[in-house]
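First comes the structure, then the notes that go with it.
Below is the structure:
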C-alpha cells in the first residue's frame, strides 16, 4: 500500500467513525423524544403526544420505532375522536403486519370504546382480536367485555357464549350471572332467570335491581303471594317508572288471587307503559270494580276497551253489558252484549250475551236489525236453549211492538202455527194502515185482504173490514165501500174499536158519493144526533147534510143545516153562507137571496166562491127585472175575476139581456166575444146559435156565414152527426161501461177533433183512464182541457194533471199547472193540494225560498189535515237546513214531531236528537234516538243517521267503547247509505286517533 493509499484509507475510516457516531447520537435523541411522547400519552395529553409521535416517526430510522409511533398516533386519534382514527388503526395493521402490537391495538381500541360506552364500536374491534394471542388474564376481560357488548346490542346468543365463559370468574362471575339471568328473564325462561338471580341476590349492588325482577318473575311463575311480598319490599326504594311497574305486579297479583278490593288501589297507580294502558289493563281494573259492584267505575274502565277482539275483550264487553243493566242503561247494554255475542272465544259467554242482547232488543228496540230478526236468529243459533219458549213468546209479540211491519211480514210469510197466524193477521193489518197513510191505496187494500184471510182475532177482523172499505172509498169504489162499512157496522167486535165512533159518518159520505141523498141525510142525522166528534168533523157533517137536502130540493131543511154549520164557526163558513143564500131563491124568497148574496160579497172578500156569488146575484137581478144592477154585477165579475169560469157565462147572460131588450148590436158584440174567447165551450155554442137568430132577424145571413167560417170548432153541416156520435159515447160513460166508453170517445175525437163536444170528450176519457191507473194515457186529454178556455171541467182537469206530474216527479211540468190550480180552484181542498205540491216541487228543484213561501201558505189554511201540516213544516225545516238556518229548522221540526207519522216522524225525531246533541244535551239526545230505534226501526236511513249522532253523544260522555262500536256497526250494517257510512268512518277515525294517545291496544285509522 502506498502512502497515498494509506492516507485515503485513514481518512475514510475517520469518516466512518464519524457517521456511526452521528447515527448513534440521532438514535439516542429519538429515544429520548419517544419517551417524552409516551409520557404525554400516559398522562392523557393525546394531542401533544400525537404531534410528537408524528415528528419522531419522520426521523426514526428503525422499523420498530416507526411501528411504535404509528401505533400510538392511531391510538391518540381514537382517544381524540378524530374522523380518521379507524383508518389509522387499519393502516397501522397493513403497514406493520408483523408488529407485536397488532393484537394489542385491536384490544386497546376495543377496550377504549367499551370503557366509554360505545359498544357498537367496541364490537367491531373485538371481532378483529385473535383470542389465541391473548394472555390468560387478558382473556377473562375480553370474554366479559365481548359478552357485555353483545348483550347491549341484543345479540343474546353471542352474549351467552362469552358470559358463560366467565360466570365462575372471581372478578366477572357475579356480573356475568346477573346478565345471563336477565337474558333468560327477557326470553321468558323464568326458571333459569330465577336460578341465576338467586346466585347473586345477596350481593348489595344487585339486590335493589333484582327485587323488581324477582317480583316480576314470581308473578310470571304464578307465585302471586311471593310476588306481592317482593314488590312491596321494593316500592320504597324504586324510581318513578319502577313504582308504576311494581304497582301493576301487586295489583295484578291480587287480581289473580281474586282479592279485588286489594287489587284496585295498586292497579289504579299503574301509569302504563310509555304513558299508555292497554285493553287488558282497563279490563282488570274494570272487572275489579265490577266485582265490588261499583258499576259506574267498572263502566268507566270497560268502555275504554276499543278494537278489542280476543277473550279478554269478549269478557270485558259481557261484564260491561251487565254493569249497564245494573244501572238500567239498556241501550248501552245492548251494544255491549251484541259485541260479546259476536265473539266466539268463550262459547258460554257468547250464548249468555246473545240471550241478553235478544231480550234487551225486545224491550227497547234495535237500531241495527228488526227485533223479530234478532229473536229468530237467537232461536236458530240455539235451538235447544233453555229459554226457547220465552223467546218464542217474545218473538210473536215483537212482530207487533216493533212496528217494523214490512220486515215482520218477510219473517211471517209461510209460518203456519196458530200464534203466527194471529201475528200475521195483526201485522198485515198494520202494514195496510201504513200504506193507506202513504196514499198507496191498492197496496193497502191487498194487505187488508191478507189480514182478513186469517180471521183469528175478531177485533182485528172488524178493523181490517173498516179500513178495506175506507180504501175502496178512496179508490172511488163506492159500492164496495158501502158493503164493507155495513159489514163492519154489523160485526159485534166493531163496538170496541176506535173506528166505530164515526161509522155512520162514513156510511153517510158513501151514500152521498153514490148520490143516494135520502140515505146520506139519514146517516148524517144519525151521526149528528150521537156525535161527540170534534168541531171540525161535526161542521163537515152539517155541511154535507145540508148539501143532501139541497140536491133533494128540501131547501128549508138545507137552510137550517147550513145555519147549524155557520153557528159552529168552524170551516167553510163562506160555503155554508153562499149555499144558504142560493137556497132562499129556491123557496121563493128572491129578495132574501139578493140581500144574502150582497152580504156575502161584502163579508167574504177572499172567498173562492165570491165570483159564484156575483154570478148568482146578477142572475137574481135579471129575474127581478133590475137589468141595470144585473149588468153592473156582471161587469164587476168580469173585471175582478178575469179567469173565472163564470166569465163566459156572464158575457153570454149579458148578450141575452141585450138580445131580449132588442139591443142587437150590443148582443152580437157579447156573443162574438164569447165565441172567440171561449171556443168549444157550451156557452160559445149557445152564443153562436143565438147570434145566428139575430143575423137572420137582421137579414145579414151572409155576414153570419162569413163569421162562422172563422170558428174552426163550428162545423154546421156535420152538427147532427157530431151530436149523435157524442151521445152514443156519453151513454156508455153514464152506464159505467168504461172500456166501450173509452173506445167511443176516442172514436168521436178522431172524427171530430174540433167538435162541439171535444172538450167534454177529452175530459171524460181522461177521467176513465185516470181511474183505471192508465195515467200516462190520461195526461194529454187532461192537458187539452187545461189548455182550452175556462170551463166547468177546468178545475178537475188541473187537479188530475198536476197529480200525474207530481207522481211522476215531473216538477217543471207540474209547477205551472199547480199555479193555475191554486189561482182558479173553487174548492178549498184543491187550493191546499196545489199549494202543498208547489212547496214540494220547489223544494225538489232547490228553490228553497219559494218552497217556504208555499209551505207558509199551506199552514195559513184553516182546513188541513195533520199529514199536510207535517209536510209543510218538513219543507220549511229541510229548506232551512239547506240554507244553513238551523234555528228555524229546529222550530219547524218540533212542529213536525207533534203530528207526523211514518218516515216523516222518524226524520223529525232524528233532528230533535241532532239539535239536542248540538246543544250539549247528550243524554237527552240519546233517549230520543232510542225512541227512533224502537218505534221507527223500519226507516233505516234515519236509524243509521241517528246512530252516528248517538256515537258522538257517547264520546262526548267519555264512553269510547259505545262510540266506536256504534260507528263500526253503522259501517258494517248500512252500506246502502254511502253518505252516512262516510260520516261514520270520518268520526271513527277521529276517535281512534284520539284514543290511541292513551291506549296502546288501539291502532289509529289511516
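Residue numbers (UniProt numbering): 1 to 1006. Even glycine gets a Cβ: it sits at the ideal position worked out from N, Cα and C.
Under a 10 Å Cβ-count criterion, residue 494 is classified as buried, with 16 or more other Cβ atoms of the shown protein chains found around its own Cβ. When beta bridges are read from the DSSP output, residue 999 appears opposite 277.
Counting only runs of 4 or more residues that sit fully inside the region 757-825, the alpha helix (DSSP H) segments are 758-771, 775-787, 794-807 and 811-824, in chain order.
With 16 or more other Cβ atoms from the protein chains shown falling within 10 Å of its own Cβ, residue 559 counts as buried. Here residue 383 is exposed, its C-beta having fewer than 16 other C-beta atoms within 10 Å. Secondary structure at residue 96: coil, using DSSP grouped into helix, strand and coil. Residue 39 counts as exposed, since fewer than 16 other C-beta atoms from the protein chains shown sit within 10 angstroms of its C-beta. Taking all protein chains shown into account, residue 767 has 16 or more neighbouring C-beta atoms within 10 Å of its C-beta and is therefore buried. Taken through DSSP and simplified to helix, strand or coil, residue 132 comes out as helix. Only residues of its own chain outside the window of five on either side were considered, and among them 481 and 510 have a CB closer than 7 Å to the CB of residue 473, listed in chain order. Residue 381 sits exposed, since fewer than 16 C-beta atoms from the chains shown fall within 10 Å of its C-beta. Here residue 167 carries a coil assignment [DSSP, helix/strand/coil]. A straight line joining the alpha-carbon of residue 956 with that of residue 465 spans about 51 Å. With a beta-carbon spacing of about 6 Å, residue 749 and residue 758 fall inside the 8 Å limit used to define contacts. Assigned with DSSP and collapsed to three states, residue 497 falls in coil, not helix or strand. Taking the Cα positions, residue 349 is about 29 Å away from residue 408. The region 968-981 makes contact with the region 944-951: 3 or more CB pairs, one atom from each, lie closer than 8 Å. Contact between residue 306 and residue 995 is confirmed by a C-beta separation of about 5 Å, below the 8 Å threshold.
Annotation: residue 680 to residue 694 spans about 20 Å, alpha carbon to alpha carbon. Taking C-beta separations shorter than 8 Å and ignoring five residues to either side along the sequence, the partners of residue 455 in its chain run 425 and 461, following chain order. In this structure residue 548 touches residue 512 by the C-beta definition: roughly 6 Å separates them, less than 8 Å. The shortest C-alpha to C-alpha distance from residue 133 to any of 343, 99 and 506 is the one to 99.
Note on geometry: alpha-carbon atoms of residue 959 and residue 300 lie some 7 Å from one another. Using a C-beta cut-off of 8 Å, the region 635-645 makes no contact with the region 658-673, since fewer than three inter-stretch Cβ pairs fall below that distance. Taking the C-beta atoms as reference points, residue 247 is found no nearer than 8 Å to residue 902. The Cβ-Cβ distance between residue 318 and residue 288 does not fall below 8 Å. According to the DSSP assignment, residue 107 belongs to the alpha helix (DSSP H) that extends over 102-115. Annotation: the continuous alpha helix (DSSP H) that includes residue 911 extends over 902-918. Taking a C-beta distance under 8 Å as the contact criterion, residue 459 and residue 445 do not qualify as a contact pair.
Using a Cβ distance threshold of 8 Å, residue 931 and residue 909 count as a contacting pair.
For the options 545, 279 and 769, the alpha carbon positioned closest to that of residue 1003 is the one of 279. Collapsing the DSSP output to three states places residue 382 in coil. If you draw a 10 Å sphere on the C-beta of residue 442, you find fewer than 16 other C-beta atoms in it, and that means exposed.
Straight-line measurement puts the Cα of residue 125 at about 16 Å from the Cα of residue 155. Taking 8 Å as the cut-off, the Cβ atoms of residue 965 and residue 315 do not count as close.
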